[in-house]
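Student: Shown below is the structure under consideration.
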DNA sequence: ACAAATGATACAATTATGGTATCATTTCTG
DNA sequence: CAGAAATGATACCATAATTGTATCATTTGT
Ligand code: FES
Ligand code: FES
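Protein chains in written order, with our numbering: chain A, 12 to 143; chain B, 12 to 143.
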């Protein structure tokens with residue numbers, strides 16, 4: 012069971028690279044060379060990051076991508092959410108067959124507690140803290 | 012991102028049912044009726060639980076399955092591990108491209124911490140606690 | 001005008017999940 | 001002993017999610 016999927020992974024690499032070269036406009040071509048990530052896939056990923064406001068894009072010759080905010084303001088959870096959706100550990104597959112009344116379902120409660128912890132921790136990790 | 016997959020779910024339902032009817036030998040036929048789970052799939056699942064020592068099976072006419080241990084001694088994590096493998100949140104996809112030396116990789120450390128928490132919590136939830 | 005970049009989007013391959021089918025073996029019952 | 005009712009083992013199939021590729025349109029610097 013993976014917590015982080017491939018596209019989140021690639022996105023992280025790209026964002027970290029750009030954080031290390033703050034202020035520089037980086038093209039997909041360069042990122043592909045530096046990160047060894049399949050180029051068309053990386054493009055798609057960067058476009059998502061752009062739409063989500065993590066990156067800004069500059070079109071035309073000499074264009075590329077650049078961080079839209081400071082590295083301390085971009086969190087792991089933000090990026091995960093873009094590519095993996097909302098973190099939902101719960102959601103009760105086991106409809107009422109385990110617990111009599113889902114209102115007070117003990118399993119749901121326990122899993123909800125785990126979920127909120129994971130969420131809190133992932134939300135606290137920012138890109139800047141991954142560089143040093 | 013699901014924490015619990017379908018087969019774990021079905022397994023949980025079955026085990027909970029059997030825990031409620033402690034001592035009774037239950038056939039797949041009966042479980043299928045009660046849980047509304049596809050029969051051949053459920054068979055496969057129960058056979059796994061048998062091989063893993065969660066259930067005992069009794070073959071031949073009048074046979075079926077029965078819990079191999081007390082419901083307080085069967086933990087959510089045990090069942091998850093059977094169907095979903097080891098919980099690995101970490102494993103560094105992002106090979107050395109983020110962190111200079113993976114020995115002291117800050118991301119790995121943080122994720123390892125989250126993993127161990129999740130593991131601990133899931134390991135503490137036993138079947139008996141889901142019945143009441 | 002042209003080249004170099006991204007935007008949008010449709011399509012394809014691979015893998016994981018969820019599920020079915022079948023035949024062999026065991027055991028109870030008459 | 002014969003036959004039915006159960007599981008054991010295992011191969012196969014279907015669907016969905018993940019991981020990509022390809023292509024054409026648009027923007028922009030020179
Ligand atoms: S197990 Fe789902 S509501 Fe309780
Ligand atoms: S991000 Fe993988 S070793 Fe650090």
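Note that the Cβ used here is the ideal one computed from N, Cα and C, for glycine as well.
#1: Measuring only from the beta carbon, is residue 118 (chain A) closer than 7 Å to any heavy atom that is part of ligand 1?
#2: Measuring straight from C-alpha to C-alpha, what distance separates residue 137 (chain A) and residue 140 (chain B)?
#3: Against chain B, with Cβ distances strictly below 8 Å, would residue 188 (chain A) count as a contact?
#4: If residue 52 (chain A) and residue 42 (chain A) are in contact, beta carbons under 8 Å, what's the gap, nearest whole angstrom?
#5: Is there a Cβ of chain B sitting closer than 8 Å to that of residue 121 (chain A), yes or no?
#6: Ordered along the chain, which non-local residues of its own chain (more than five positions away) have a Cβ less than 6 Å from that of residue 38 (chain A)?
#7: Starting from the C-beta of residue 83 (chain A), find all residues in its chain whose C-beta is less than 6 Å away, skip the five residues before and the five after it, and write them out in chain order.
#8: Below 8 Å on the Cβ atoms is my guess for residue 25 (chain A) versus residue 142 (chain A); work out the distance and round it to an integer in Å.
#9: Could you tell me the boundaries of the beta strand (DSSP E) in which residue 68 (chain A) lies?
#10: Report buried or exposed for residue 20 (chain A), applying the criterion of at least 16 other Cβ atoms within 10 angstroms of its Cβ.
#11: Cβ of residue 92 (chain A) less than 8 Å from any chain B Cβ?
#12: Of the residues A:33, A:116, A:123 and A:124, which one's Cα is nearest the Cα of residue 67 (chain A)?
#13: Would you give the residue range spanned by the alpha helix (DSSP H) that residue 76 (chain B) belongs to?
#14: Residues in the same chain with beta-carbon distance under 7 Å from residue 45 (chain A), minus the five sequence neighbours each way, listed in chain order, please.
#15: Using a 10 Å radius around the Cβ and a threshold of 16 neighbouring Cβ atoms, would you call residue 69 (chain B) buried or exposed?
#16: With DSSP as the reference, identify every bridge partner of residue 86 (chain A), one or two as the case may be.
#17: Excluding the five sequence neighbours on either side, which residues of its own chain have a C-beta within less than 8 Å of the C-beta of residue 94 (chain B), listed in chain order?
#18: So, helix, strand or coil for residue 36 (chain B), using DSSP?
#19: Going by alpha carbons, who is nearest to residue 80 (chain A) out of A:133, A:63 and A:99?
#20: So, under 8 Å CB-CB, residue 122 (chain B) and residue 100 (chain B) are touching, yes? Tell me the CB distance rounded to an integer number of Å.
#21: Identify which residue in B:96, B:120 and B:85 has its Cα closest to the Cα of residue 134 (chain B).
#22: DSSP on residue 12 (chain A), reduced to helix/strand/coil?
Tutor: According to the structure shown:
#1: Along the first chain, read from residue 1 onward, the residue named residue 118 (chain A) stands at position 107. Checking the Cβ of residue 118 (chain A) against ligand 1 gives yes.
#2: For the purposes of this step, residue 137 (chain A) is taken as the residue at position 126 of the first chain. For the purposes of this step, residue 140 (chain B) is taken as the residue at position 129 of the second chain. Straight through space, the alpha carbons of residue 140 (chain B) and residue 137 (chain A) are spaced by roughly 37 Å.
#3: What is shown of chain A runs 12 to 143, which leaves residue 188 (chain A) out entirely.
#4: For this step, residue 52 (chain A) is matched to residue 41 along the first chain. For this step, residue 42 (chain A) is matched to residue 31 along the first chain. So it is not a contact: roughly 11 Å between Cβ atoms.
#5: Here residue 121 (chain A) refers to the residue found at position 110 of the first chain. So yes, residue 121 (chain A) belongs to the interface.
#6: By 1-based counting over the first chain, the position of residue 38 (chain A) is 27. If you ignore the 5 residues before and after residue 38 (chain A), its C-beta comes within less than 6 Å of the C-beta of 75, all in its own chain and listed in chain order.
#7: Reading the first chain from its first residue, position 72 is the one you call residue 83 (chain A). Closer than 6 Å at the Cβ level, and outside the excluded window around residue 83 (chain A), lie 137 and 139.
#8: Looking up residue 25 (chain A) in the first chain gives position 14. Looking up residue 142 (chain A) in the first chain gives position 131. Incorrect: roughly 13 Å between the Cβ atoms, too far for contact.
#9: As a working mapping, residue 68 (chain A) is identified with position 57 in the first chain. Going by DSSP, residue 68 (chain A) is part of the beta strand (DSSP E) stretching over 66 to 69.
#10: By 1-based counting over the first chain, the position of residue 20 (chain A) is 9. Buried: at least 16 other Cβ atoms inside 10 Å.
#11: In the first chain, the residue the question calls residue 92 (chain A) occupies position 81. No, no contact with chain B.
#12: Reading the first chain from its first residue, position 56 is the one you call residue 67 (chain A). Of the candidates A:33, A:116, A:123 and A:124, A:33 places its Cα closest to the Cα of residue 67 (chain A).
#13: Sequence index remark: in the second chain, residue 76 (chain B) carries index 65 (1-based). It is not in any alpha helix (DSSP H) - residue 76 (chain B) instead sits in the beta strand (DSSP E) that spans 75 to 78.
#14: Start at 1 with the first residue of the first chain, and residue 45 (chain A) comes out as number 34. Here residue 45 (chain A) has 28 as same chain residues with Cβ atoms under 7 Å from its own Cβ, once five neighbours each way along the sequence are excluded.
#15: One-based indexing of the second chain puts residue 69 (chain B) at position 58. It is exposed - the Cβ of residue 69 (chain B) has fewer than 16 other Cβ atoms within 10 Å.
#16: Locating residue 86 (chain A) in the first chain gives position 75, where the first residue counts as 1. Residue 86 (chain A) pairs with A:137.
#17: Within the second chain, the letter at position 83 stands for residue 94 (chain B). Short of 8 Å from the beta carbon of residue 94 (chain B), and not among the five residues preceding or following it, lie these beta carbons of its own chain, in chain order: 16, 18, 19, 22, 56 and 59.
#18: The residue labelled residue 36 (chain B) in the question sits at position 25 within the second chain. In the structure shown, residue 36 (chain B) sits in coil (DSSP, three-state: anything other than H, G, I, E or B).
#19: Counting from one through the first chain, the residue named residue 80 (chain A) turns up at place 69. When only C-alpha atoms are compared, the closest one is A:63.
#20: Here residue 122 (chain B) is taken as the residue at index 111 of the second chain, counted from 1. Here residue 100 (chain B) is taken as the residue at index 89 of the second chain, counted from 1. Sure, about 5 Å apart at Cβ, within 8 Å.
#21: By 1-based counting over the second chain, the position of residue 134 (chain B) is 123. Measuring from the Cα of residue 134 (chain B), the nearest candidate turns out to be B:85.
#22: On the first chain, position 1 is the one that residue 12 (chain A) refers to. Assignment of residue 12 (chain A) by DSSP, reduced to helix, strand and coil, places it in the coil class.
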